[in-house]
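Notes follow once the structure below has been shown.
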Amino acid sequence: MVDSYVYIITALLPLTAAMVVLQGNPYHALIIRGILGAVAALVYAVLGAADVALTEALVGTMLAITLYAVAVRSSLVVRLGVLQAVESQGFQAWVEGCRTVFSKHYMRLELVNYLNDEDLRQALNDKEVHAIYLPQHHTTEAVQDQALIRIPRLYEIMQAELTSPKTTLTCVTVADATEVKV
Amino acid sequence: MTIVLIAMILALAIPIYEACQDEDVWQKMLAFSSIASKTSIMILVISVLRNDWMIGVVGVLILSVGNAALMLMAHIIKRISD
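So the protein sequences, as listed, match chains A and B. The numbering used here numbers the first residue of the first sequence as 1 and each following residue consecutively. The numbering used here numbers the first residue of the second sequence as 1001 and each following residue consecutively.
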């Protein structure tokens, strides 16, 4: 004979699983994954599998969410190469605009400093950074600063949502460094 | 005793609903801590109900380990939001 409350408790498992699947924000999904782990441990314990419940609580809730947090934190980041000397007002505003746009897509912006123009371009070619910001040494107002982006999807997002008349965005393709120099 | 357990399941549904609809990440953490405590207490109640010591030990372990996982995750999320 199966008690009536077992059915209700078991119904909680697909409910929380659906919540994980439908969640868009990766950090919120991480927390709901913890909730799913707690409910799953309860279901396993109610159905008599105490060892499975213990494993679910230890591995599923603790280890899985810790590894998932590390993965989300290290992957959802945009690395922007900049010159160390640049401290202009327009640049700061542009970076703030970028941060706002990226935070809508749950990404973080990380600035990487380089000493000169050549290092900056080399870093883009070596795929050390996803995008670089090139300030123009302009004397007139007509010359625009340039941002080179090597990820097409990133370029689409910035082109569609970033409104900055002073900076032109350009998508560049970087060849894979498959040749081995002898 | 079954009625007590069904009342606990209904109480468990409240933080699940809260975690589902609230947008703030710390509200979700609160809901998670509530659910983690409630589920382990329910495991303890069921172990008493069935007179099963094996499930009881697992309930105690989950109750203590769940808090450690929660503190770990709260720390990571706090560092992300900085």
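C-beta: ideal position from N, C-alpha, C; glycine also.
Cβ shell of residue i (< 8 Å), same chain only, five flanking positions each side left out
i: leucine 1070/B; result: Met1029, Phe1032, Ser1033, Ala1036
i: aspartate 117/A; result: Leu83, Leu134
Cα-Cα separation between residue i and residue j, rounded to whole angstroms
i: threonine 100/A; j: alanine 18/A; result: 29 Å
i: threonine 167/A; j: alanine 175/A; result: 25 Å
i: aspartate 51/A; j: tyrosine 44/A; result: 9 Å
i: proline 14/A; j: valine 1057/B; result: 26 Å
i: asparagine 125/A; j: serine 75/A; result: 20 Å
i: histidine 28/A; j: serine 164/A; result: 31 Å
i: leucine 54/A; j: leucine 36/A; result: 14 Å
i: glutamine 92/A; j: leucine 111/A; result: 12 Å
i: arginine 108/A; j: arginine 1079/B; result: 13 Å
i: threonine 170/A; j: aspartate 119/A; result: 19 Å
i: serine 4/A; j: valine 70/A; result: 40 Å
i: leucine 22/A; j: glutamine 144/A; result: 42 Å
CB contact check: residue i to chain A, cutoff 9 Å
i: valine 1025/B; result: yes
i: valine 1048/B; result: no
i: lysine 1028/B; result: yes
i: isoleucine 1087/B; result: Any answer about residue 1087/B is impossible in this case: the structure gives chain B only from 1001 up to 1082.
i: alanine 1019/B; result: yes
i: alanine 1011/B; result: no
i: isoleucine 1043/B; result: yes
i: isoleucine 1014/B; result: no
Coarse secondary structure for residue i, derived from DSSP in three states
i: alanine 131/A; result: strand
i: leucine 76/A; result: coil
i: glutamate 110/A; result: strand
i: leucine 67/A; result: helix
Sequence-distant residues of the same chain with beta carbon closer than 6 Å to residue i, five excluded per side
i: glutamine 162/A; result: Inspection of the sequence shows that residue 162/A is occupied by leucine rather than by glutamine. Excluding positions up to five away in sequence, the list reads Gly97, Val101.
i: glycine 90/A; result: Lys166
i: methionine 1008/B; result: Met1042
i: glycine 34/A; result: Thr61, Ile65
Buried versus exposed call for residue i [16 or more other C-beta atoms within 10 Å across all chains shown]
i: methionine 1039/B; result: The question names methionine, but residue 1039/B in the sequence shown is threonine. Buried is the call here.
i: proline 1015/B; result: buried
i: glutamate 1023/B; result: exposed
i: alanine 1011/B; result: exposed
i: glycine 1066/B; result: buried
i: valine 2/A; result: exposed
i: serine 1064/B; result: exposed
i: leucine 1003/B; result: For the record, residue 1003/B in the displayed sequence is isoleucine; it is not leucine. Exposed, by the Cβ-count rule.
i: serine 1047/B; result: buried
i: methionine 1073/B; result: buried
Within-9 Å CB hit, residue i to chain B
i: methionine 19/A; result: yes
i: aspartate 3/A; result: yes
i: isoleucine 32/A; result: yes
Contacts around residue i, its chain only, beta-carbon distance under 7 Å, and the 5 residues preceding and following it disregarded
i: isoleucine 9/A; result: Leu42, Val43, Val46
i: valine 39/A; result: Leu12, Leu13, Thr16
i: tyrosine 155/A; result: Ile149, Leu169, Cys171
Check: residue i C-beta below 8 Å from any heavy atom of the ligand GDP
i: glutamine 89/A; result: Absence of the ligand GDP is noted for the structure shown, with no ligands found whatsoever.
Against chain C: residues of the stretch 46-80 of chain A by CB proximity under 7 Å: Of the chains in the structure shown, none is chain C; the protein chains are A and B.
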